[in-house]
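So the mapping is simple: the numbering used here equals the position in the sequence shown, first residue as 1, plus 14.
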Amino acid sequence: MASRRMLAQVVRDGTAMTAEVVIEGPLPGRPHNGKVLAAIQPHSDDIPIFAAGTTAKLVREGYTGYLIRMTNDDMAGPGTIGNTVLANENDNDAVARVLGLKKVFNLNYANHQMDKESRLDIRGRLIFLFRMLKVDAVICYDPVAHYEENPDHYVTAQSVEAACWMAGGSKDYPEHFAAGLAPHSVKEKYYFSRGPQVVNRVVDIGSTIDLKVAANRVNIAQGPAGVNGAALRRSLAERGLKLPILGDDDETASNNYIKRIILQRDAEVGKRYGLAFAEPFHYIGPEPNLVEEYVRKNAVKTR
Numbered sequence: 015m016a017s018r019r020m021l022a023q024v025v026r027d028g029t030a031m032t033a034e035v036v037i038e039g040p041l042p043g044r045p046h047n048g049k050v051l052a053a054i055q056p057h058s059d060d061i062p063i064f065a066a067g068t069t070a071k072l073v074r075e076g077y078t079g080y081l082i083r084m085t086n087d088d089m090a091g092p093g094t095i096g097n098t099v100l101a102n103e104n105d106n107d108a109v110a111r112v113l114g115l116k117k118v119f120n121l122n123y124a125n126h127q128m129d130k131e132s133r134l135d136i137r138g139r140l141i142f143l144f145r146m147l148k149v150d151a152v153i154c155y156d157p158v159a160h161y162e163e164n165p166d167h168y169v170t171a172q173s174v175e176a177a178c179w180m181a182g183g184s185k186d187y188p189e190h191f192a193a194g195l196a197p198h199s200v201k202e203k204y205y206f207s208r209g210p211q212v213v214n215r216v217v218d219i220g221s222t223i224d225l226k227v228a229a230n231r232v233n234i235a236q237g238p239a240g241v242n243g244a245a246l247r248r249s250l251a252e253r254g255l256k257l258p259i260l261g262d263d264d265e266t267a268s269n270n271y272i273k274r275i276i277l278q279r280d281a282e283v284g285k286r287y288g289l290a291f292a293e294p295f296h297y298i299g300p301e302p303n304l305v306e307e308y309v310r311k312n313a314v315k316t317r
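Set out below in structure tokens:
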């Protein structure tokens, strides 16, 4: 399905405005062959919950994908801190495999404490990765999302935003160029949010919803798979209760627990746009070449 455009109400500073929303549908074949995608998450459950469908869709359409995890996830998971770190690392690797991502980079900042870290250091490491991998598009938290509580989220997002731009500079970090790298700006950004944001792109993930469910099923330490649908079904049965969507077997219960309960937002967003499942983003695309565009519209032949 080709992309289509709709109008939606966006509230900014208490004022309702009409904004154009692009509905990005699945594309046939592999039109993005040769492009590189970086899916960037502070924690192992962020991309699975908010953007796994879009990540899988873009990889299916030809992007070579990489997963960059900013923290060591030591504050969210089972057992001791050591057990938690290892469990989340294993989950993160499994998410990458499910989504078809080529390699994982773990930057290992302390969980919940990224606001104490040097933004300069974070930004420099991201610039190095963007240049080395030649990243064309990123998927990450929105750097201007409202009411974000988690410092890991907003520090990551703001650092990514700056690095996308600075990676294209010819004077920043000259040691990179001595090592054989070249300036490389990131041209496309898909920004997601836990709270209010200006949404101008909605991605149809109907064709990749099962991959999103699978990515969440392997996210056990702190993701939704930690509360297993099969265990919920058995717990309800002990109380004389039943959720029909959980079915009568563990596989159905595990899948539908994630698809129908945890991913309710995807179904609700999809319904607003006539889709089964969708993920909302603030999308920023390539900057138009104003000179070329002006010449195309105004140049006249002299002979």
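Every residue, glycine too, gets a C-beta built ideally from N, C-alpha and C. Being a predicted model, the structure only gives us computed values, none of them experimental.
The continuous alpha helix (DSSP H) containing Arg111 extends over residues Ile95 to Leu113. Within the model, the alpha-carbon separation for Gly93 versus Asn102 is close to 12 Å. For Arg83, no alpha helix (DSSP H) encloses it; the enclosing beta strand (DSSP E) starts and ends at Thr78 to Thr85.
Annotation: Glu252 to Leu246 spans about 10 Å, alpha carbon to alpha carbon. Taken through DSSP and simplified to helix, strand or coil, Ile37 comes out as strand.
DSSP, reduced to helix, strand and coil, places Asp218 within a strand of the structure shown. Here Lys185 is exposed: its Cβ has fewer than 16 other Cβ atoms, across all protein chains shown, within 10 Å.
Counting every other CB atom within 10 Å of its CB across the protein chains shown gives Asn106 a total of 16 or more, marking it as buried.
The shortest C-alpha to C-alpha distance from Tyr123 to any of Asp150, Val112, Val73 and Arg137 is the one to Arg137. Remark: three or more beta-carbon pairs, one from each stretch, lie closer than 8 Å, so the segment 106-117 and the segment 51-71 are flagged as touching.
Between the segment 226-242 and the segment 180-194, the count of C-beta pairs closer than 8 Å stays below three; the two stretches do not touch. Using a Cβ distance threshold of 7 Å, Tyr80 and Ala52 count as a contacting pair.
Within the segment 181-234, complete alpha helix (DSSP H) segments of at least 4 residues are found at 188-192 and 223-231, given in chain order. At a Cβ-Cβ threshold of 7 Å, Asp218 and Ala292 count as neighbours.
The straight-line gap separating the alpha-carbon atoms of Glu162 and Lys315 is approximately 54 Å.
Counting other Cβ atoms within 10 Å of its Cβ, Ser132 stays below 16 and is therefore classed as exposed. Inclusion of Thr222 and Ile153 in the CB contact set at 7 Å is not warranted, their separation being larger than that value. One Cα belongs to Arg317, the other to Glu307, and the distance between them is close to 21 Å. Per DSSP, the continuous beta strand (DSSP E) segment holding Ile298 begins and ends at Ala292 to Ile298. By the neighbour-count criterion, in which a residue is buried when 16 or more other Cβ atoms sit within 10 angstroms of its Cβ, Ile82 is buried. Between the beta-carbon of Lys226 and that of Gly67 there is about 4 Å, and that keeps the pair under the 8 Å contact cut.
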